[in-house]
Amino acid sequence: MTARLQIDGLSRHLGGRNVVDGIDLSVAAGQVTCLLGPSGCGKSTTLRIIAGVDRQDSGRVTLNGRVVADDQIHMPPEHRGVGLMFQDFALFPHLSVAANIGFGLPRDAASDARVTELLTRIDLVGYGAKHPHELSGGEQQRVALARALAPRPKVMLMDEPFSGLDNRLRDEIRDATLSVLKEEGTAVLLVTHEPDEAMRMADEIALMRDGRIVQRAAPYNIYNAPADRAAAAFFSDINTLTGRVNGALTQTPFGQFLAPGLPEGTEVDIVFRPQHVRLDFDRGGRGPNPTASEGTPARGTVERARFMGKESLVEFVMDDGTSRVTATVPAVFLPKAGTVMWLSIRRDRCFVFPHD
Ligand SMILES: Nc1ncnc2c1ncn2[C@@H]1O[C@H](COP(=O)(O)OP(=O)(O)O)[C@@H](O)[C@H]1O
Ligand SMILES: [Mg+2]
Numbered sequence: 001m002t003a004r005l006q007i008d009g010l011s012r013h014l015g016g017r018n019v020v021d022g023i024d025l026s027v028a029a030g031q032v033t034c035l036l037g038p039s040g041c042g043k044s045t046t047l048r049i050i051a052g053v054d055r056q057d058s059g060r061v062t063l064n065g066r067v068v069a070d071d072q073i074h075m076p077p078e079h080r081g082v083g084l085m086f087q088d089f090a091l092f093p094h095l096s097v098a099a100n101i102g103f104g105l106p107r108d109a110a111s112d113a114r115v116t117e118l119l120t121r122i123d124l125v126g127y128g129a130k131h132p133h134e135l136s137g138g139e140q141q142r143v144a145l146a147r148a149l150a151p152r153p154k155v156m157l158m159d160e161p162f163s164g165l166d167n168r169l170r171d172e173i174r175d176a177t178l179s180v181l182k183e184e185g186t187a188v189l190l191v192t193h194e195p196d197e198a199m200r201m202a203d204e205i206a207l208m209r210d211g212r213i214v215q216r217a218a219p220y221n222i223y224n225a226p227a228d229r230a231a232a233a234f235f236s237d238i239n240t241l242t243g244r245v246n247g248a249l250t251q252t253p254f255g256q257f258l259a260p261g262l263p264e265g266t267e268v269d270i271v272f273r274p275q276h277v278r279l280d281f282d283r284g285g286r287g288p289n290p291t292a293s294e295g296t297p298a299r300g301t302v303e304r305a306r307f308m309g310k311e312s313l314v315e316f317v318m319d320d321g322t323s324r325v326t327a328t329v330p331a332v333f334l335p336k337a338g339t340v341m342w343l344s345i346r347r348d349r350c351f352v353f354p355h356d
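Take the sequence shown: its position 341, counting from 1, is numbered 341 in this note's numbering, and each next residue is one higher.
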């Protein structure tokens, strides 16, 4: 698949540091890539350079096989053929919905047909003559999406487009937006700082930190094979046990873990998510038998249990007296403090990283 959008070695120096620091990225037609990272990591700057409203210090931007920005070239934004959508998507208040959508199009029959097509796509047939103030926030957002898509951009750049919306509406609007983008076959680069949004929308997540891409992978892979401890922690609470490499292994209350490729004596973090901890009751001082998939169980004592809505959070102090582990359990499960239980962790959901 050829990339609709490709960036190579993109860097931008601002305020005395590299805000964007050597980024490579590509997005194919019909694909949604989410640029995900904490506030201030350089996401918007990257998007602005791709759009052409900011200039890189080095690197190259290629759209539809054509270089639009490098050391020699700087194509103006209006010639780049990208659709833009930002958090503040202000519609023209004095124009009808149809006129807003058709704003960037020539005045002809083909444009009218395109507006009608888009009104159908965003499920607002019959709204064409209304004005923006007569629409809900979610409806306005869909009109803004239609307006951006009207000239059939090959690439859509979206910067936190849902963050201004009511929480209850957001998932619905995300899904509606995604289906319109897929129908149009647009290549989408969507910036967000919310992991849930990226997991929901993305074919591929590009995880960004301090101006760099830390990891690029499909949501399932980035969640289940994070590049480092911080990447794991970005998507959920995590548990961390510490250990030291001894004979390519590290010892924990849950038995030994492989620490491949790490030198003897290295301090390591064994990282796993609370939802990958299984709990069993103590039976006369004994726990479940070790299994290949869940390794050796370890005993702990409930310190606190809290009901969180769709799940419960149970915090343990392990028998070694120092390790603490949190487990999430579906539904209501609130054992009393002091209850002794056995914990098992899914071995294929544990990650061993050098201590950071
Ligand atoms: N014109 C500028 N001058 C100096 N620093 C800037 C400028 N623009 C952005 N920055 C800094 O660059 C960093 C990245 O900004 P931005 O790309 O907006 O991050 P994000 O969108 O990931 O929140 C921030 O620390 C911001 O303060
Ligand atoms: Mg931003």
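Don't be surprised by glycine CBs; every beta carbon is placed ideally from N, CA and C.
Small disclaimer: the values here were computed from a predicted structure and weren't measured.
Asked                                                                                                                       : Found
Backbone secondary structure at SER11 - three-state DSSP                                                                    : strand
With 16 other Cβ atoms within 10 Å as the buried cut-off, status of SER136                                                  : exposed
Whether ARG174 touches PHE162 by CB criterion (8 Å)                                                                         : yes
LEU35 vs MET308 beta-carbon contact at 8 Å                                                                                  : no
7 Å Cβ shell around GLU294 - same chain, five flanking residues per side excluded                                           : ARG278, SER344, ILE345, ARG346 and ARG347
Expected contact under 8 Å - CB spacing of ILE213 and LEU241 to nearest Å                                                   : That pair is no contact at about 28 Å.
Residue list, Cβ distance to ligand 1 heavy atoms smaller than 5 Å                                                          : LEU14, GLY15, VAL19, SER39, GLY40, CYS41, GLY42, LYS43, SER44 and THR45
Which residues DSSP lists as bridging GLN251, in chain order                                                                : GLN256
Classification of ILE73 by the beta-carbon crowding that lies within 10 angstroms, buried from 16 upward                    : exposed
GLU197: CB within 7 Å of a non-hydrogen atom of ligand 2                                                                    : no
Residue of VAL332, TRP342 and ALA206 minimising C-alpha distance to SER26                                                   : ALA206
Contact check, ILE50 vs ARG12, beta carbons under 8 Å                                                                       : no
Beta bridge counterpart(s) of ASN246 as assigned by DSSP                                                                    : LEU249
Element boundaries [beta strand (DSSP E), containing MET341]                                                                : 340-345
Contact between the segment 63-77 and the segment 214-225 (3+ Cβ pairs under 8 Å)                                           : no
Residues that CYS34 bridges to, as DSSP identifies them                                                                     : LEU190 and ILE205
Beta-carbon contacts of ALA29 that lie in its chain and below 6 Å, excluding the five residues immediately before and after : ARG4, GLY185 and ALA187
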